[in-house]
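Undergrad:
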């Protein structure tokens, strides 16, 4: 499969590496356009064995699937640059830009082009991403299947109706920041109780990783919490302290606040 990237930043590089590792594309079948000043990204794609360019049109002409991986405010100008190309017709465009709807993209591209919107997250850089996709009005079931296959090369991918994309962005898109804050707080607690900083951070990180792995194997978080909470024990005391100080409501509130912010941002790019 010939895959192109309009925008060759870190996420694009992670996706390209994942596609190659999964056997979905060969390195020489991948083309990326980078900003002329971003020589680091251009060189990274070259070392991967891919083609890196500083213009968008050849990316579309050389590719079967085009992944739009630029910042939200650059999406429309970048696609306006290629919409007159005959190669843009009847082609699948996958956008990973936050807050830009499939409808907005469809208005810019030729009527024959199909569009899918994907919200990935940064753990895709280590093949542990959590992505969700939504189809545009002309995208087919086969298009969605192909997009899911591509993003599952660097983690997981679920299909959702587009109206849920704001919540997806707030949960899994912003979620790594919340988890990093949790890990940092766990480590800070360990330091306050006498652990060396580096040891506390390693323990907090591995505890988070292991707990997530157990959930991924099946089970409900409440049941797993109960499994490590002995009557009158230290875990019971700790969880009581969290509940008393609004831990659960604070996290729920963070996702809700981020969702509302996404709705505001979305209006900017309609």
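Residue numbers (the working numbering): 4 to 273. Think of the CB as a built atom: it goes at the ideal place given N, C-alpha and C, for glycine as much as any other residue. Please read all numbers here as calculations on a predicted model, not as lab measurements.
1) Compute the Euclidean distance between the alpha carbons of residue 59 and residue 177, then round it to the nearest angstrom.
2) On a CA-only basis, which of 236, 155, 64 is nearest residue 89? Give me that one, please.
3) Quick one: grab the DSSP three-state call for residue 160.
4) How would you label residue 184, buried or exposed, when you count the other beta carbons within 10 angstroms and need 16 or more for buried?
5) For a test of the three-state rule: what should DSSP assign to residue 20, helix, strand or coil?
6) Tell me where the alpha helix (DSSP H) around residue 197 begins and ends.
7) Rounded to whole angstroms, how far is the Cβ of residue 71 from the Cβ of residue 95, which I believe are closer than 8 Å?
8) Just confirm the distance between the C-beta atoms of residue 35 and residue 57, as a whole number of angstroms; I'd bet it's less than 8 Å.
9) Short of 6 Å in beta carbon distance, which residues of its chain neighbour residue 274, apart from the five on each side in sequence? Order them along the chain.
10) Can you give the Cα-Cα distance for residue 142 and residue 232, rounded to whole angstroms?
11) Determine the burial state of residue 124: buried for a count of at least 16 other Cβ atoms within 10 Å of its Cβ, exposed for fewer.
12) So, do the segment 198–210 and the segment 122–141 have three or more beta carbon pairs nearer to each other than 8 Å?
13) Measuring CB to CB, does residue 154 end up less than 8 Å from residue 170?
TA: Quick look at the numbers:
1) Distance between the alpha carbons of residue 59 and residue 177 is about 29 Å.
2) Closest option to residue 89, judged by alpha-carbon separation, among 236, 155, 64: 64.
3) DSSP places residue 160 in the strand class (E or B) of the three-state scheme.
4) Its Cβ having fewer than 16 others within 10 Å, residue 184 is exposed.
5) DSSP places residue 20 in helix when its eight states are reduced to three.
6) That residue, residue 197, is in no alpha helix (DSSP H); it is neither H nor E in DSSP.
7) About 11 Å separates the two Cβ atoms, so there is no contact after all.
8) That pair is no contact at about 10 Å.
9) The shown model of the chain, from 4 to 273, leaves out residue 274, and the question about it has no answer.
10) Answer to the nearest angstrom: the Cα atoms are 48 Å apart.
11) With 16 or more other Cβ atoms within 10 Å, it is buried.
12) No, they do not touch.
13) Their beta carbons are not under 8 Å apart, which means residue 154 does not touch residue 170 by this criterion.
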